[in-house]
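Residue numbers (the working numbering): 2 to 465.
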Amino acid sequence: GACPPPEIGALPTHGRLAAVCGVRDERLRCGRRWAAVRWAVVRRARGGKYFSSGNEPAENNPVTPMLRHLMYKIKSTGPITVAEYMKEVLTNPAKGYYVNRDMLGEKGDFITSPEISQIFGELLGIWFISEWIATGKNAAFQLVELGPGRGTLLGDILRVFSQLASVLKNCDISIHLVEVSQKLSEIQALMLTEEKVLLERNAGSPVYMKGVTKSGIPISWYRDLQDVPKEYSFYLAHEFFDVLPVHKFQKTPHGWREVLIDIDPQVSDKLRFVLAPCATPAEAFIQCDETRDHVEVCPDAGVIIQELSQRISLTGGAALIADYGHDGTKTDTFRGFCGHRLHDVLIAPGTADLTADVDFSYLRRMSQGKVASLGPVKQQTFLRNMGIDVRLKVLLDKSDEPSLRQQLLQGYDMLMNPTKMGERFNFFALIPHQRLHGRNHQTNACQSKPSPSPVAGFGELAWR
Ligand code: SAH
2 GACPPPEIGA
12 LPTHGRLAAV
22 CGVRDERLRC
32 GRRWAAVRWA
42 VVRRARGGKY
52 FSSGNEPAEN
62 NPVTPMLRHL
72 MYKIKSTGPI
82 TVAEYMKEVL
92 TNPAKGYYVN
102 RDMLGEKGDF
112 ITSPEISQIF
122 GELLGIWFIS
132 EWIATGKNAA
142 FQLVELGPGR
152 GTLLGDILRV
162 FSQLASVLKN
172 CDISIHLVEV
182 SQKLSEIQAL
192 MLTEEKVLLE
202 RNAGSPVYMK
212 GVTKSGIPIS
222 WYRDLQDVPK
232 EYSFYLAHEF
242 FDVLPVHKFQ
252 KTPHGWREVL
262 IDIDPQVSDK
272 LRFVLAPCAT
282 PAEAFIQCDE
292 TRDHVEVCPD
302 AGVIIQELSQ
312 RISLTGGAAL
322 IADYGHDGTK
332 TDTFRGFCGH
342 RLHDVLIAPG
352 TADLTADVDF
362 SYLRRMSQGK
372 VASLGPVKQQ
382 TFLRNMGIDV
392 RLKVLLDKSD
402 EPSLRQQLLQ
412 GYDMLMNPTK
422 MGERFNFFAL
432 IPHQRLHGRN
442 HQTNACQSKP
452 SPSPVAGFGE
462 LAWR
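What follows is the structure, encoded as structure tokens:
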């Protein structure tokens, strides 16, 4: 796989880059990884109304340690917000769903695009290199991933970086992972780091683990984005924003009222939704001109977007966010997944994933004009613009085994088919305003302005 180093001007044809760069097909050789993927199970991509909690028989409503903890909390201080419920259930440091288990893949509760096809991560790797080149090939960059799951996506991106070493040569790259889950951080380290170099661990420090990747790049783990050094960075968040806690509201004749979670007085050990009797503080996050009668707002997403926007406006770089979501139109999207099936959100808390669609209009608003935003564009459009068809053809041409070809085609269909993940998932980016005006942070003001190259994946029509 020798790769001719592309020049700046040569890069916008991403399909071509994907075609020439001969990424090593580790997965094609590695039957074990492929064997773990089943195509029929992606129910997570389905939307709909799952707001109410059904009347499950008692045997389907086990009293989990998390349920006991929440009932104790509600008995002591009263009904809790949906956001507090989501936060406790998913990321409570002792009993949270994300903290102690591997929920991804066939044996888990849901499966994500990078786990479905290697092409997904490869195209994202090309996106970052393309932006790095378009903004003047900075001497160093940090790649920061929020919620890296099993580390599969990053592994595919780093393989592209290795293959394009001639392009990235002399660039000082470091990897920074923001992960709250002890268990998943261990899986990420196994997947990504060089076994011979011991990991440094320090549970009390903001950098709780440090190591070196298989390709020799320094890698560090944090619990909070705030602790990642404020240097020139590319940020990545795939299926991360959808697990951040949302507040839910309903319009009533008396104004907005927050949906809360209380103990059901009729059924023992059961939770139920109630409406707050008066206004609650999170109401401040609802837009004055809101026309929907049910809304979900995610202040934590707002805080993270403000932090990303601030960082990108000061140091340059970009953020690429991919998730299922809408542009400010949906109402009730809070739902649960367990064993690849929809799961009543109030039953057996701590045993199922909880998620809500990402409101991209809210993310755009929270960037507060500090940076420019692109998208959301549908996954199908983004991946097609990034050259997925060319990449698929290269991989198909290289594989003789019918079962591998079949898997590649099924993976492509899952990612691209509008009825599967192609239309439900969206890509959204934050980039410095200068990027759209043909200047970069390094350009001297006296230099003449080069015309900006289009931002890969989004195409000209998606520019805002
Ligand atoms: N990006 C991966 C995993 C998605 S699952 C993929 O696409 O396959 C969500 C990820 O976010 C998990 O790694 C989970 O542990 C992490 N996570 C959840 N809440 C978090 C929080 N508040 N801060 C940091 N990471 C979080």
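Every residue gets a Cβ at the ideal spot worked out from N, C-alpha and C, and that includes glycine.
Limits of the unbroken alpha helix (DSSP H) element including residue i
i: K74; result: P66 to T78
i: H470; result: The requested residue 470 is not part of the displayed model; the chain covers only 2 to 465.
i: F361; result: F361 to M367
i: T292; result: From DSSP, T292 is part of no alpha helix (DSSP H); its letter is neither H nor E.
i: S404; result: P403 to M417
i: Y99; result: Premise fails: Y99 is in no alpha helix (DSSP H) and is neither H nor E.
Residues near residue i in its chain [Cβ-Cβ closer than 6 Å; skip 5 each side]
i: D243; result: D324, T356 and V359
i: G1; result: In this structure the chain extends from 2 to 465, so residue 1 is not present and cannot be described.
i: A238; result: L147 and I322
i: V145; result: H177, V229, S234 and Y236
i: S175; result: Q143 and P219
Close beta carbons around residue i, own chain, < 8 Å, minus the five adjacent residues each side
i: G329; result: D360, F361, S362 and Y363
i: F121; result: S114, P115, L154, D157, L384 and L416
i: R151; result: D103, L105, G106, E116, L185, I188, Q189 and M192
i: Q380; result: S114, A323, L416, M417, M422, G423, E424, R425, F426, N427 and F428
i: E461; result: With a pLDDT of only 46 at E461, under the threshold of 50, the placement of this residue in the model should not be trusted; the figure read from the coordinates follows. The answer, listed in chain order, is P455.
C-alpha gap between residue i and residue j, whole angstroms
i: S114; j: L409; result: 13 Å
i: L245; j: M87; result: 8 Å
i: V298; j: I313; result: 24 Å
i: T214; j: G388; result: 27 Å
i: F459; j: A190; result: 32 Å
i: F142; j: V229; result: 13 Å
i: E132; j: L437; result: 12 Å
i: R224; j: V395; result: 38 Å
i: N203; j: K211; result: 9 Å
i: R342; j: Q435; result: 45 Å
i: C289; j: F429; result: 25 Å
i: D354; j: R273; result: 18 Å
i: Q183; j: N101; result: 7 Å
i: Y209; j: A457; result: 34 Å
i: F338; j: H344; result: 5 Å
i: K399; j: Y413; result: 16 Å
i: Q119; j: I432; result: 26 Å
i: E291; j: T316; result: 34 Å
i: A283; j: S77; result: 21 Å
i: S53; j: T382; result: Confidence is the limiting factor: at S53 the pLDDT is only 36, short of 50, which leaves the residue's position unreliable, though a coordinate-based value still follows. For S53 and T382, the distance between alpha carbons rounds to 34 Å.
i: G376; j: H327; result: 11 Å
i: K252; j: E424; result: 29 Å
i: K231; j: M367; result: 19 Å
i: L71; j: E89; result: 8 Å
i: V268; j: D401; result: 59 Å
i: G256; j: A285; result: 12 Å
i: I130; j: S216; result: 17 Å
i: L397; j: P403; result: 10 Å
i: R365; j: L68; result: 35 Å
i: T334; j: E180; result: 24 Å
i: I305; j: L226; result: 8 Å
i: T392; j: Q411; result: It is worth fixing the name first, because residue 392 is Arg in this sequence and not Thr. Approximately 14 Å between the Cα atoms of the pair.
i: K279; j: D173; result: Going by the sequence as given, residue 279 is Cys instead of Lys. Taking the straight line joining both Cα atoms gives about 54 Å.
i: A319; j: V64; result: 44 Å
Same chain only: Cβ atoms within 7 Å of residue i, ignoring 5 sequence neighbours per side
i: R293; result: T332
i: A277; result: R258, E259 and L261
i: R336; result: Y51, L343, V346 and T356
i: K271; result: N62 and D265
Residue interval of the beta strand (DSSP E) (run including residue i)
i: A320; result: G318 to H327
i: P219; result: P219 to Y223
i: V260; result: G256 to I264
i: I176; result: D173 to V179
i: Q227; result: Counting along the chain, Q227 falls outside any beta strand (DSSP E), and DSSP gives it neither H nor E.
i: M210; result: V208 to V213
i: L355; result: D354 to T356
i: G376; result: A373 to K379
i: Q189; result: Counting along the chain, Q189 falls outside any beta strand (DSSP E), though it belongs to the alpha helix (DSSP H) covering Q183 to L193.
i: Q251; result: H248 to T253
i: L343; result: R342 to H344
Requested in this report: Taking 8 Å as the threshold, find out whether the region 116-130 comes into contact with the region 150-166 through three or more Cβ pairs.
Outcome: yes
Query raised in the report: Any contact of the region 128-137 with the region 98-110, i.e. 3+ C-beta pairs under 8 Å?
Result: no
Query raised in the report: Are the region 305-321 and the region 368-381 in contact at 8 Å, needing three or more beta carbon pairs?
Result: yes
Report task. Pair every Cβ in the region 199-207 with every Cβ in the region 163-175, then say whether three or more of these pairs are closer than 8 Å. Result -> no
Query raised in the report: Below 8 Å, can you find three or more Cβ-Cβ pairs linking the region 73-84 to the region 247-256?
Result: yes
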